[in-house]
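Numbering (our numbering), first residue to last: 11 to 356.
All C-beta atoms in this analysis are idealised placements derived from N, C-alpha and C, irrespective of residue type, glycine included.
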Amino acid sequence: MTPADVADAIVSAVRDAVADGAIDVAIPATVPVRRPRNPEHGDYASAAALELARAARRPAREVADLLAARLCQGSGIAGVEVADPGFLNIRLAPAALGELARVVVREGDAYGRATGRRGVWADAVSAAGPGELSPLAAARQAVAAAALARLLAAAGFDVVPAPPAGPAAAAALADLADTVGGEAARYLLVRLPPDVPLDLDLGLAARQTSENPAFNVRYAHAETCRLLRNAAQLGIPAAGGDSTVLEGVDVALLSHPREGDLLRALGELPGVVTSAVALRAPHRLARYLEELAGAYHRFYDACRVLPQGDEEPTPLTGARLLLVEATKVVLANGLRMLGVSAPQRM
Numbered sequence: 011m012t013p014a015d016v017a018d019a020i021v022s023a024v025r026d027a028v029a030d031g032a033i034d035v036a037i038p039a040t041v042p043v044r045r046p047r048n049p050e051h052g053d054y055a056s057a058a059a060l061e062l063a064r065a066a067r068r069p070a071r072e073v074a075d076l077l078a079a080r081l082c083q084g085s086g087i088a089g090v091e092v093a094d095p096g097f098l099n100i101r102l103a104p105a106a107l108g109e110l111a112r113v114v115v116r117e118g119d120a121y122g123r124a125t126g127r128r129g130v131w132a133d134a135v136s137a138a139g140p141g142e143l144s145p146l147a148a149a150r151q152a153v154a155a156a157a158l159a160r161l162l163a164a165a166g167f168d169v170v171p172a173p174p175a176g177p178a179a180a181a182a183l184a185d186l187a188d189t190v191g192g193e194a195a196r197y198l199l200v201r202l203p204p205d206v207p208l209d210l211d212l213g214l215a216a217r218q219t220s221e222n223p224a225f226n227v228r229y230a231h232a233e234t235c236r237l238l239r240n241a242a243q244l245g246i247p248a249a250g251g252d253s254t255v256l257e258g259v260d261v262a263l264l265s266h267p268r269e270g271d272l273l274r275a276l277g278e279l280p281g282v283v284t285s286a287v288a289l290r291a292p293h294r295l296a297r298y299l300e301e302l303a304g305a306y307h308r309f310y311d312a313c314r315v316l317p318q319g320d321e322e323p324t325p326l327t328g329a330r331l332l333l334v335e336a337t338k339v340v341l342a343n344g345l346r347m348l349g350v351s352a353p354q355r356m
């Protein structure tokens, strides 16, 4: 289940409660769903009951209890706990959480993108603070404008291109690229909010280390590609290229805590794109990709993916390879929206 699926399940629970006469509220089109900071609180959390309680003229805890009872009857929901003053902490069944990997791989390049058109967006992005911009700050504004245009296109808008960067900004970007590389230069500029001073650690930016976000995110993508190449050499097919393999993976086997962390992170991309567009903040996507790369590295350290020696592939091998492939898809889609390449080797 994706976060959108969980939101739909909550709306369905509201609809059932209204139909039963348990509460009297307008049925919302959607409800907020987020990933809890503490995984012990469940896979997803929602404050829907808090928002509905005022209209229902009922205590939020009481509304949450009504919704929790109905959610637990739905497919894919393993349990729902109500936390004061009325939060819903939702835990998915392993198969429902693991299904997210299959959804991501099935959608491929389309995952995280809107399916309909929302009109024309003609406003240029503004990343400037008060006063005149320095050449490097103007370069950051140009990189952010290009990234926001891609995000708007992903969200369903037809975008009128922003004017190109001026010569001073282009020269500043070229100088930075000469020092740290073109891909790293664009990533480092787009990951910074416009109101944060441009204080770049060029020494760190030039190093191939996990502490360098411009390297670490792209390295995570390259590592997923390496694992999939190694799997192919062992005769294990990728799920994305074979619908029979894709549909045959037992995603319920993805029950390790690190697998759960990674799955929940993968589900965040559509919401991150939506919020980045709403706030005109492409740096939010970059920071999300950094979190995703960290979740992938922790998964890789904790969960052996490929068989070793004379071992034969198992159903768990296929499930973990599907998770690797889903991570590859999300990292590539996110980097593409930022205008940064997703290398297959580093």
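Asked, Found
"Roughly how far, in whole angstroms, is the beta-carbon of Leu299 from the beta-carbon of Leu341, given that I think they are within contact range, below 8 Å?", "6 Å"
"By a C-beta neighbour count over all protein chains shown, 10 Å radius and 16 as the cutoff for buried, is Ala120 buried or exposed?", "exposed"
"Exposed or buried, what is Gly52 when buried is set at 16 or more other beta-carbons lying within 10 Å of its beta-carbon?", "buried"
"Relative to the C-alpha of Leu77, which residue among Ala305, Val90, Gly281, Asp320 is closest?", "Val90"
"If you count every other CB in all the chains shown that lies within 10 Å of the CB of Met11, and 16 or more means buried, which is it?", "buried"
"CA-CA distance, Leu186 and Gly192?", "8 Å"
"So what does DSSP say about Ser253, is it helix, strand or coil?", "helix"
"Quick check on Pro99: does DSSP put it in helix, strand or coil?", "One detail in the question is off: residue 99 reads as Asn in this sequence, not Pro. If DSSP states are grouped into helix, strand and coil, Asn99 belongs with the strands."
"By alpha-carbon positions, which one of Asp168, Thr219, Ile100, Arg150 ends up nearest to Asp205?", "Arg150"
"Would you call the region 332–341 and the region 232–248 touching, i.e. three or more CB-CB distances under 8 Å?", "yes"
"Leaving aside the five residues before and after Ala164 along the sequence, list all residues of the same chain whose C-beta is less than 6 Å from its C-beta, in chain order.", "Arg123, Val283, Met347"
"Considering only DSSP beta bridges, list what Ser56 is partnered with.", "Leu98"
"In this structure, what does DSSP give as the bridge partners for Gly129?", "Phe167"
"What are the boundary residues of the beta strand (DSSP E) that includes Ala93?", "87–93"
"Using alpha carbons as the reference points, say which of Gly108, Leu238, Val113 lies closest to Glu269.", "Gly108"
"Just checking, does the region 308–320 make contact with the region 238–246 on the three C-beta pairs under 8 Å criterion?", "yes"
"Taking 8 Å as the CB-CB cut-off, is Thr327 touching chain C?", "Among the chains of the structure shown, chain C does not appear; only one protein chain is present."
"For Ala181 and Pro145, I'd like the C-alpha separation in whole angstroms.", "8 Å"
"Quick check: the Cα distance between Glu221 and Leu212, rounded to an integer number of angstroms?", "13 Å"
"What are the partner residues of Arg44, as DSSP defines its beta bridges?", "Ala55"
"Using 10 angstroms around the beta-carbon of Glu322, count the other beta-carbons present and answer buried if the total reaches 16, otherwise exposed.", "exposed"
"Measuring straight from C-alpha to C-alpha, what distance separates Ile20 and Leu102?", "13 Å"
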